[in-house]
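What follows is a single structure, written as structure tokens, with notes after it.
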Amino acid sequence: CDRTGFDDPDVPTCVPLCTPAGDACSGLPIPLDERRRSLWQNTNPEAEPDDWILRNVSLKPYGNAIKGRHLAKRAITAITEGQISTYVPAQFYRTKLDGNFGPVIPLVEVPESDHTVTEQIVFSTETFQMGAKQVHGCTMVTVVSRRAVYMGHFWEVPSWAVEFEFKARVINLISGNGIPFGDSPPLDPSLFNGPHDDTRIYIMHPRRTPTSTSQKPRYPGKLRRLKSMLTGLTGLLPNAPTVLWLYKRLDHDLKQDRLDARNTQRGHAIFQFDPNGRGTGSPGWRLFYEEHVFNDTDPPPNADSANGIPDL
46 CDRTGFDDPD
56 VPTCVPLCTP
66 AGDACSGLPI
76 PLDERRRSLW
86 QNTNPEAEPD
96 DWILRNVSLK
106 PYGNAIKGRH
116 LAKRAITAIT
126 EGQISTYVPA
136 QFYRTKLDGN
146 FGPVIPLVEV
156 PESDHTVTEQ
166 IVFSTETFQM
176 GAKQVHGCTM
186 VTVVSRRAVY
196 MGHFWEVPSW
206 AVEFEFKARV
216 INLISGNGIP
226 FGDSPPLDPS
236 LFNGPHDDTR
246 IYIMHPRRTP
256 TSTSQKPRYP
266 GKLRRLKSML
276 TGLTGLLPNA
286 PTVLWLYKRL
296 DHDLKQDRLD
306 ARNTQRGHAI
316 FQFDPNGRGT
326 GSPGWRLFYE
336 EHVFNDTDPP
346 PNADSANGIP
356 DL
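Every position in the sequence shown, counted from 1, becomes a number in this note's numbering once 45 is added.
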């Protein structure tokens, strides 16, 4: 229940935070004090020079080994509402995944580090899927057009719990402005601002509490800044239609939540692309945020969707 080291009063207490430790966002967390000692890489430039160089070591955008991706052979298979709870988690198991898309390009480093991971992929003739699992306090951002997709996973700690880290690891990293932390690519607006791009933005962010309504975010101030940077009048993609899904965070202290994290759609985010997704050579994509499925064939989201969509 200790907030030591966090300067955001919205950081929850007495619940496991979404941090890069012990397979968090791909498994179970380890105690907070141990996470701080071993994995939290402070990006503050006032740190000792040698320490700063060590902690800011450059990382290659990973997932390259998986990016051999699969050639398209068939259209996207429709998934019924009743199949979502098993289909979504199955994508993270090689023996159960949808072979049309191949293994998930992970948005969490393996082994885990606190580096933000984003992927920006221009659509081609190959199928692929990417995402993160067991998210329980972190934030996902997906920007998709008819030409490309940008998707990122942003750790709750340190990225959202500390102001300096939020600016470096979220705002600067996505925008490409200022001093970012991480070696993942910034969003390239030229892939999403064409007159016929039909660009949409999808944000997955935790609720204030598990019992809060679908329009009560955990970090309201920082979430507003993220949306403004993306879609504000001076943002990267002004007025781009946006969907906000505020999810009920998993509590890994609870046995049922741990089981749900492994065996259901809860805490999962997956983007899938197929160049023949709609048949006859027409490309298609879909995005799973837990039980919600967003498709390229959906109409553009309305303005209120940016404030939070209701539960199904």
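Glycine included, each C-beta is placed from N, C-alpha and C at the ideal position.
Going by C-alpha distance, which of 357, 323, 147 is nearest residue 122? Looking at the Cα atoms, 323 is the closest of the given residues.
Considering only heavy atoms of the ligand MG, does any lie closer than 7 Å to the CB of residue 282? Ligands displayed in this structure: none; no statement on the ligand MG is therefore possible.
Rounded to a whole number of angstroms, what is the C-alpha to C-alpha distance between residue 252 and residue 207? So the two alpha carbons sit approximately 18 Å from each other.
Determine, using beta carbons only, whether residue 188 and residue 232 come nearer to each other than 8 Å. If you check the CB distance, residue 188 and residue 232 come in under 8 Å.
Taking 8 Å as the cut-off, does the segment 290-297 touch the segment 54-67 (at least 3 CB pairs, one atom from each stretch)? Yes: at least three Cβ pairs fall under 8 Å.
How is the beta strand (DSSP E) around residue 53 delimited, first residue to last? Going by DSSP, residue 53 is part of no beta strand (DSSP E) at all; its letter is neither H nor E.
Pairwise C-alpha distance: residue 149 and residue 134: C-alpha separation (whole angstroms): 11 Å.
Mind checking which residues open and close the alpha helix (DSSP H) that includes residue 340? Membership of residue 340 in any alpha helix (DSSP H) is not indicated; the residue belongs instead to the beta strand (DSSP E) covering 337-340.
Quickly, what does DSSP pair residue 329 with across the bridge? List them, please. Under the DSSP definition of a beta bridge, residue 329 partners with 319.
So what does DSSP say about residue 132, is it helix, strand or coil? Under the three-state reduction of DSSP, residue 132 is assigned to helix.
Straight-line Cα distance separating residue 316 from residue 140: Residue 140 and residue 316 have their alpha carbons spaced roughly 19 Å apart.
Touch check for the segment 296-310 and the segment 172-190: three-plus C-beta pairs under 8 Å? Output reads yes: the segment 172-190 touches the segment 296-310.
Evaluate contact between the segment 216-231 and the segment 159-173, counting only Cβ atoms and requiring at least three cross-stretch pairs below 8 Å. Taking 8 Å as the limit for Cβ pairs, the verdict is that the segment 159-173 does touch the segment 216-231.
Length of the line joining the Cα atoms of residue 203 and residue 153: Roughly 14 Å separates the two Cα atoms.
Which same chain residues, not among the five before or five after residue 166, have their C-beta less than 6 Å away from its C-beta? Excluding sequence positions up to five before and after residue 166, its CB lies within less than 6 Å of the CB of 194, all in the same chain and listed in chain order.
Closest to residue 127 by C-alpha separation, out of 345, 341, 335, 347, would be which residue? Nearest of 345, 341, 335, 347 to residue 127, Cα basis: 335.
Simplified DSSP state of residue 266, which is helix, strand or coil: In the structure shown, residue 266 sits in a helix (DSSP, three-state: H, G or I).
What residue from 236, 347, 339 has the CA that sits closest to residue 125's CA? Per the Cα distances, 339.
Exposure label - residue 314; buried when at least 16 CB within 10 Å: By the 10 Å Cβ count, residue 314 comes out buried.
Can you grab the Cα-Cα spacing for the pair residue 351 / residue 304, in whole Å? A straight line joining the alpha-carbon of residue 351 with that of residue 304 spans about 31 Å.
Identify, in the order they occur along the chain, each residue of the same chain with its Cβ nearer than 8 Å to the Cβ of residue 277, setting aside the five sequence neighbours on each side. The residues are 283.
Count the other C-beta atoms from every protein chain shown that fall within 10 angstroms of the C-beta of residue 308, then say buried if there are 16 or more, exposed otherwise. Burial is judged here by how many other beta carbons sit within 10 angstroms of a residue's own beta carbon; residue 308 has fewer than 16 and is exposed.
Taking the straight line between their C-alpha atoms, what separation do you get for residue 218 and residue 236? Residue 218 and residue 236 have their alpha carbons spaced roughly 17 Å apart.
With DSSP run on the structure shown, which of helix, strand or coil describes residue 311? Shown here, residue 311 sits in coil according to DSSP, grouped into three states, outside any helix or strand.
Whose C-beta lies closer than 6 Å to the C-beta of residue 201 among residues of the same chain, with five residues either side of it excluded? The beta carbon of residue 201 sits closer than 6 Å to the beta carbons of 62, 63, 182, 183 from its chain, once the five residues preceding and following it are set aside; these are given in chain order.
Where do the ends of the alpha helix (DSSP H) carrying residue 219 lie? Bounds of the alpha helix (DSSP H) holding residue 219 are 217-220.
Taking only three categories from DSSP, how would you classify residue 275? In the structure shown, residue 275 sits in a helix (DSSP, three-state: H, G or I).
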